[in-house]
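In UniProt numbering, the protein residues as written are 1 to 253.
Report on the following structure.
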């Protein structure tokens, strides 16, 4: 049976080789946690936790207030990137949203994350508590790049409202987008935690056409059927035992 074949100046796996490699990775994912449990305190590795950028800053206080049995290594990225890292066994779990449709992953709901419209301080809607996106039809927007689920949700909300805004600028940094909003380049749809407490902009809750406020689910994702070391599961349980911040804006005066 041929496991590799020549391709140009290099080699690549055949279909049989790829199948064997996948089986080896799966076997290692079962063997490694068992070995770590047997070694116990002699081999306490960090918990490898992935998280969306909009959540990463909230984990610091949780880690600081918890007497964790091991250290935590944080990896930030998009939902798709983090799911790939879980699949490859490079991280143990991830806090993402929304719930993945791939049934190979397990899901533990944590909380809903509010979605807001970010506007300049002097915008006509800046003092409103909530707004329907139809009210900003015709205005320019700035947006996250399309590899992020935040952008997917923003596009979905615009489609629900029946608007197709012109996107002036795209970025993978919420900080950059907030500066663009403040400078008047356009409005932006973001999770509230990515925009709250910035003195240069205002945030207004997004109301869907059915009257509900826009939110997205945030939860913990792991690979189904893949055992994790005891100290990893214990650390994840301790982290999630404390509530992750859900920012709530006081009503406008």
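Idealized CB from N, CA, C, for every residue including glycine.
Source: prediction; values computed, not measured.
Counting only runs that start and end inside the segment 78 to 150, the alpha helix (DSSP H) elements of at least 4 residues fall at 79 to 87.
When DSSP reads this structure, residue 226 sits in no beta bridge, so it has no partner. Nearest Cα to residue 217 within the set 85, 162, 92, 97: 97. When only Cα atoms are considered, residue 101 and residue 94 end up about 15 Å apart. Less than 8 Å divides the Cβ of residue 130 from the Cβ of residue 213. Residue 167 and residue 215 have their C-alpha atoms spaced approximately 22 Å apart.
Measuring C-alpha to C-alpha distances from residue 200 to each of 54, 105, 126 identifies 126 as the nearest. For residue 51, the pairing in a beta bridge is given by DSSP as 76, 95. Secondary structure at residue 178: helix, using DSSP grouped into helix, strand and coil. Residue range 188 to 191 is occupied by the beta strand (DSSP E) that includes residue 190. The segment 217 to 237 makes no contact with the segment 148 to 164; the number of CB pairs closer than 8 Å stays below 3. As the crow flies, the alpha-carbon of residue 117 is around 11 Å from that of residue 178. Non-local C-beta neighbours of residue 104 in its own chain, meaning closer than 6 Å and more than five positions away in sequence, comprise 224, ordered along the chain.
Residue state for residue 203 is assigned as strand, using DSSP reduced to three classes. From the listed residues 7, 11, 3, the smallest Cα separation to residue 22 is found for 3.
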